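Asker: Every letter in the sequence shown is one number past the one before it in this note's numbering, and letter 39, counting from 1, is 67.
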Amino acid sequence: MNSKGQLPIIVAVILSGIIIFSALTSYKVSIFPKTIEDTDWMHLIINVDKDFKRILQASLANFTRSYFKTGDREDSEGNARIHIETWKFAFSLAYSPLSLKISISPSGSIISKASIYTLQFKYGSSTTLYTVYVSSFTIQRGSIFNCSWDKPYSISASHASISLDIIGSKVYGWNNSYTSLLSLNVTKIIVDGNLNEMSITLILNSETGPVNNLSINNVNITINGIQRDVGSLNYHGVGIYNATIKNVPPPPYTIFITLTDSRGIIVRSKVTV
Numbered sequence: 029m030n031s032k033g034q035l036p037i038i039v040a041v042i043l044s045g046i047i048i049f050s051a052l053t054s055y056k057v058s059i060f061p062k063t064i065e066d067t068d069w070m071h072l073i074i075n076v077d078k079d080f081k082r083i084l085q086a087s088l089a090n091f092t093r094s095y096f097k098t099g100d101r102e103d104s105e106g107n108a109r110i111h112i113e114t115w116k117f118a119f120s121l122a123y124s125p126l127s128l129k130i131s132i133s134p135s136g137s138i139i140s141k142a143s144i145y146t147l148q149f150k151y152g153s154s155t156t157l158y159t160v161y162v163s164s165f166t167i168q169r170g171s172i173f174n175c176s177w178d179k180p181y182s183i184s185a186s187h188a189s190i191s192l193d194i195i196g197s198k199v200y201g202w203n204n205s206y207t208s209l210l211s212l213n214v215t216k217i218i219v220d221g222n223l224n225e226m227s228i229t230l231i232l233n234s235e236t237g238p239v240n241n242l243s244i245n246n247v248n249i250t251i252n253g254i255q256r257d258v259g260s261l262n263y264h265g266v267g268i269y270n271a272t273i274k275n276v277p278p279p280p281y282t283i284f285i286t287l288t289d290s291r292g293i294i295v296r297s298k299v300t301v
């Protein structure tokens, strides 16, 4: 073969190497054992358990960012699934001497059941109570991601099942299911009679319980179509926050509250009072 004929092959080999190296390094060096001899099947399962949780959270963040920008649920899911498939490839490649067989299934799940709560709106000396009906929230079989936004209670979630065969160690049939989520419910809005300040009480939860590390920089509030600066964000425990906005217009209000947690997952609530 002449040098011209060899050139495309050389380029292809180089590009393949770059792609493989990028996949491995992009999905964290934590997936690499020191040596294959040091890695027994139990260590590998623990590693899969930890790392798949991480990639499911990261992929949910990718899904919500895409959905926030485009409003296209199907396209956002497709983009987020690419991250999961790339992780699967990188993980299998890192442990290739053990001949892993990894299957990821969009098994679907009921994430939360239907419920009801009361939202309080106070303007000056007048108080109005709104009954908020929260529908059950499900990720349908065949999907990994879903969100329900633009309501007083909103949620973003992902769910998938994973199964693992470690053929090199003759370990077969390990499996588990994982859920990642971020939920937000608005419970109280108080506006003083002089319109000097609006106070919004909200509750933020993840799949592990109350979120206690929300940053004021990751809180976006729009009132009647105008983005407003958040003057303060105070945490009161068990996922309860109080956000304040100065110098607000008179009611009625259409309020959008968009939050991003420390993992990059977005959720957006809407309240009309």
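Cβ atoms here follow ideal geometry from the backbone N, Cα and C, with glycine treated the same way. Remember, it's a predicted structure, so these values are computed and weren't measured experimentally.
State yes or no: is the C-beta of SER186 within less than 8 Å of the C-beta of ILE172?
Answerer: As a working mapping, residue 186 is identified with position 158 in the sequence shown. As a working mapping, residue 172 is identified with position 144 in the sequence shown. Yes; because the gap between Cβ atoms is below 8 Å, this pair is in contact.
Asker: Roughly how many angstroms lie between the CA atoms of ILE112 and LEU84, to the nearest whole one?
Answerer: Numbered from 1 along the sequence shown, position 84 holds the residue referred to as residue 112. Numbered from 1 along the sequence shown, position 56 holds the residue referred to as residue 84. Answer to the nearest angstrom: the Cα atoms are 7 Å apart.
Asker: Would SER191 and LEU126 qualify as a contact pair, given that the criterion is a beta-carbon distance under 8 Å?
Answerer: Numbered from its first residue, the sequence shown carries residue 191 at position 163. Numbered from its first residue, the sequence shown carries residue 126 at position 98. No; because the gap between Cβ atoms is not below 8 Å, this pair is not in contact.
Asker: For SER243 and VAL199, I'd like the C-alpha separation in whole angstroms.
Answerer: By 1-based counting over the sequence shown, the position of residue 243 is 215. By 1-based counting over the sequence shown, the position of residue 199 is 171. One C-alpha to the other measures close to 44 Å.
Asker: Using a Cβ-Cβ cutoff of less than 6 Å, which residues in the same chain neighbour SER163 once the five nearest sequence positions on both sides are dropped?
Answerer: What you label residue 163 is simply residue 135 of the sequence shown in a count that begins at 1. Answer for SER163: ALA142, listed in chain order.
Asker: In terms of alpha-carbon separation, which member of ASN240, ASP178, SER205, ASN246 lies closest to ASN213?
Answerer: For the purposes of this step, residue 213 is identified with residue 185 of the sequence shown, where counting begins at 1. The candidate whose alpha carbon is nearest that of ASN213 is ASP178.
Asker: The alpha helix (DSSP H) that contains GLY253, what's its start and end?
Answerer: One-based indexing of the sequence shown puts residue 253 at position 225. First-last for GLY253: undefined, no H or E at that position.
Asker: Determine the extent of the alpha helix (DSSP H) in which ASP289 is found, giving its start and end residues.
Answerer: Taking the sequence shown and counting its residues from 1, one reaches residue 289 at position 261. Taken as a continuous stretch (DSSP letters only), ASP289 belongs to no alpha helix (DSSP H), as it is neither H nor E.
Asker: Leaving out five residues before and five after ASN137 in sequence, what residues of the same chain have Cβ atoms less than 6 Å from its Cβ?
Answerer: Sequence index remark: in the sequence shown, residue 137 carries index 109 (1-based). According to the sequence as given, residue 137 is Ser; it is not Asn. Excluding positions up to five away in sequence, the list reads ILE167, HIS187.
Asker: Does the Cβ of MET226 have 16 or more other Cβ atoms within 10 Å, making it buried, or fewer, making it exposed?
Answerer: Taking the first residue of the sequence shown as position 1, residue 226 is located at position 198. Flag for MET226 reads buried.
Asker: Would you please state the rounded distance, in angstroms, between the beta carbons of PHE165 and SER176? I believe it to be under 8 Å.
Answerer: Counted from its first residue, the sequence shown places residue 165 at position 137. Counted from its first residue, the sequence shown places residue 176 at position 148. 6 Å between Cβ atoms; contact.
Asker: Can you give me the C-alpha to C-alpha distance between ALA193 and ALA122, rounded to a whole angstrom?
Answerer: As a working note, residue 193 is residue 165 in the sequence shown. As a working note, residue 122 is residue 94 in the sequence shown. The question names Ala, but residue 193 in the sequence shown is Asp. Going from the Cα of ASP193 to the Cα of ALA122 covers about 15 Å.
Asker: Would you identify the three-state DSSP class for THR98, choosing helix, strand or coil?
Answerer: Translated into the one-based positions of the sequence shown, residue 98 becomes position 70. Look at THR98 here: in three-state DSSP terms it is helix.
Asker: In terms of DSSP beta bridges, what is THR282 paired with?
Answerer: The sequence position of residue 282 within the sequence shown is 254, counting from 1. Answer by DSSP bridge pairing, in chain order: THR300.
Asker: Our contact map puts ALA271 next to VAL299 with C-beta atoms below 8 Å; I'd like the distance itself, whole angstroms only.
Answerer: Within the sequence shown, the letter at position 243 stands for residue 271. Within the sequence shown, the letter at position 271 stands for residue 299. Between VAL299 and ALA271 the Cβ distance is about 12 Å, and since that is not below 8 Å, they are no contact.
Asker: Since VAL219 and VAL276 are thought to touch, with beta carbons under 8 Å apart, how far apart are those beta carbons, to the nearest angstrom?
Answerer: Taking the first residue of the sequence shown as 1, we reach residue 219 at position 191. Taking the first residue of the sequence shown as 1, we reach residue 276 at position 248. That pair is a contact at about 6 Å.
Asker: Can you give me the C-alpha to C-alpha distance between GLY90 and SER290, rounded to a whole angstrom?
Answerer: Against the sequence shown, residue 90 aligns to sequence position 62. Against the sequence shown, residue 290 aligns to sequence position 262. In the sequence as presented, Gly is not what sits at residue 90; that position holds Asn. When rounded, the distance between both Cα atoms is 13 Å.
Asker: Identify the continuous beta strand (DSSP E) that holds ILE268 and give its terminal residues.
Answerer: Along the sequence shown, one-based indexing puts residue 268 at 240. 268 to 274 is the extent of the beta strand (DSSP E) around ILE268.
Asker: Tell me where the beta strand (DSSP E) around ASN240 begins and ends.
Answerer: The sequence position of residue 240 within the sequence shown is 212, counting from 1. Segment: none, ASN240 is in no beta strand (DSSP E) and carries neither H nor E.
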